[in-house]
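J.: Mind looking over this structure? Questions follow.
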Amino acid sequence: MSRYAFYDFEFGILKIGYSETAITYLKRAEKIDADNEPSALSDRAFDEVCAYLKGTRRTFDFPYELKGTEFQKKVWKALLQIPYGETRTYKQIAEEAGSPKGSRAIGMANNKNPVTIAVPCHRVIGTDGRLVGYAGGLEMKKFLLELEQSGKIS
């Protein structure tokens, strides 16, 4: 059973779900919709996200658990292969996931990604290079991509 912690961050509220051993949910939230129960693990994940947003971290070390269908897990695994600072199109991810005509299904799997930022669905763009679809909002997606493309690490 997951517990939740809520943190103020640059884009409003960050909701972090966790079990005893792993982060199970990490997404921007519109409001606090559960008991706020921060833990050492949720604090660690939040600290890593803050460092990432400041440009001082490129990867995440906190443990996380991805629950979903086999197809979703295949998509999320493909997302984890996209290097920091790079993007892929929905079509490219569909091909990597073994579903070459499944761009729309890729978008749906991205939307169900429970651990955004760490599993970088923000790195997926439209075939024409446009920013489309992101659970955290397009403003946040644009910020994340620009941050990564700047290569900032200090």
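Residue numbers for the sequence shown follow the numbering used here, beginning at 789 and rising by one. Glycine included, every Cβ here is placed at the ideal spot set by N, Cα and C.
1. Distance, Cα to Cα, Gln880 vs Lys900?
2. Does the count of Cβ pairs from the stretch 894-913 and the stretch 800-816 closer than 8 Å reach three?
3. For Gly939, which residues from the same chain have a beta carbon less than 8 Å from its beta carbon, with the 5 sequence-adjacent residues on both sides left out?
4. On the DSSP letters alone, give me the boundaries of the beta strand (DSSP E) that Arg816 sits inside.
5. Would Glu871 be called buried (16 or more neighbouring beta carbons within 10 Å of its own) or exposed?
6. Does the Cβ of Asn771 have 16 or more other Cβ atoms within 10 Å, making it buried, or fewer, making it exposed?
7. Compute the distance between the beta-carbons of Ala828 and Lys862, then report whether it is under 7 Å.
8. So, for Phe799: in the same chain, excluding its five sequence neighbours on each side, which residues have a beta-carbon less than 6 Å away from its beta-carbon?
9. Should the stretch 836-852 be called in touch with the stretch 886-897, which here means at least 3 C-beta pairs below 8 Å?
10. Look at the Cβ atom of Ile769, then the Cβ atom of Ala822, and state whether they are nearer than 7 Å.
T.: So, from the listed chains and residues:
1. Looking up residue 880 in the sequence shown gives position 92. Looking up residue 900 in the sequence shown gives position 112. Approximately 19 Å, taken between the alpha carbons.
2. yes
3. Translated into positions along the sequence shown, residue 939 becomes position 151. Excluding positions up to five away in sequence, the list reads Gly873.
4. As a position in the sequence shown, residue 816 is number 28, starting the count at 1. First-last of the beta strand (DSSP E) with Arg816: Ile811 to Ala817.
5. Your numbering for residue 871 matches position 83 in the sequence shown. Rather than Glu, the amino acid found at residue 871 in this sequence is Pro. Burial call: exposed.
6. This structure gives no information on residue 771, because the portion of the chain shown stretches from 789 to 942.
7. Stepping through the sequence shown from its first residue, residue 828 is reached at position 40. Stepping through the sequence shown from its first residue, residue 862 is reached at position 74. No, the pair does not count as a contact, with Cβ atoms beyond the cut-off.
8. Position 11 of the sequence shown, counting from 1, holds the residue named residue 799. These residues qualify, in order along the chain: Arg816 and Met928.
9. no
10. Examination of residue 769 is not possible in this model, given that the chain is present from 789 through 942 alone.
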